[in-house]
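Residue 62 in our numbering sits at position 69 of the sequence shown, with consecutive numbering throughout.
Just so it is clear, CB atoms sit at the ideal spot from N, CA and C, and this is done for glycine as well.
Reviewing the structure listed below.
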Amino acid sequence: MKKLSTKMSTGIGQALRDAEKIIALEKYAWNPDRWHLPLNHHSDPLKHKCEVCLAGCSMAERYGILWEENATPGTLKNKDRMMLSALDSFMRQDFYNLFDLWGTSTVTNYPKEMQDRVINRLHSEVPHFSMRNFQKFKVHARKAIKILREEGL
């Protein structure tokens, strides 16, 4: 099992690459409102898909969750659960929660002043994520990851 990096920018970048890989597979469909939810089409088994968000893609790619399994971060151990929940906060641009959850999962205490500065920068420099369109989401997510990397996170 190749877990996500504990460094925020690297871990989120890995999750984005996981999503690119998983979404490209025929069995998966991007849905930011689902963790990892298989949907059965009884009339046509060839249309069976598993809807996944950013964290759901990492569940499939890094934590061995099969496409036909229903999974949430609660399916995994505490540290991994917190990181996956942090990915959901990132996807929703809830950056304060991102810092709280990522910090808890990696036992990192991010100083409040640093959090405020980085979050203000993210809000001012990154357009609102278009979560429904994965291609647009990727563009904005990469810009946010670049800022996190520049800030040493």
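Problem - Selection from 139, 56, 61 that minimises the alpha carbon distance to residue 67 - result: 56
List, from N- to C-terminal side, the alpha helix (DSSP H) runs of 4 residues or more that fit wholly inside the region 7 to 47.
none
Bridge partners - residue 64, DSSP secondary structure assignment:
Beta-bridge pairing links residue 64 to 29.
Enclosing alpha helix (DSSP H) for residue 107 [first to last residue] | 105 to 118
query: DSSP three-state call for residue -2: helix, strand or coil?
result: In the structure shown, residue -2 sits in coil (DSSP, three-state: anything other than H, G, I, E or B).
- [ ] Tell me, please, whether the region 41 to 53 touches the region 21 to 32 by the rule of three or more beta-carbon pairs shorter than 8 Å.
- [x] yes
Task: Alpha-carbon spacing of residue 2 relative to residue 69, whole angstroms - done: The straight-line gap from Cα to Cα measures roughly 22 Å.
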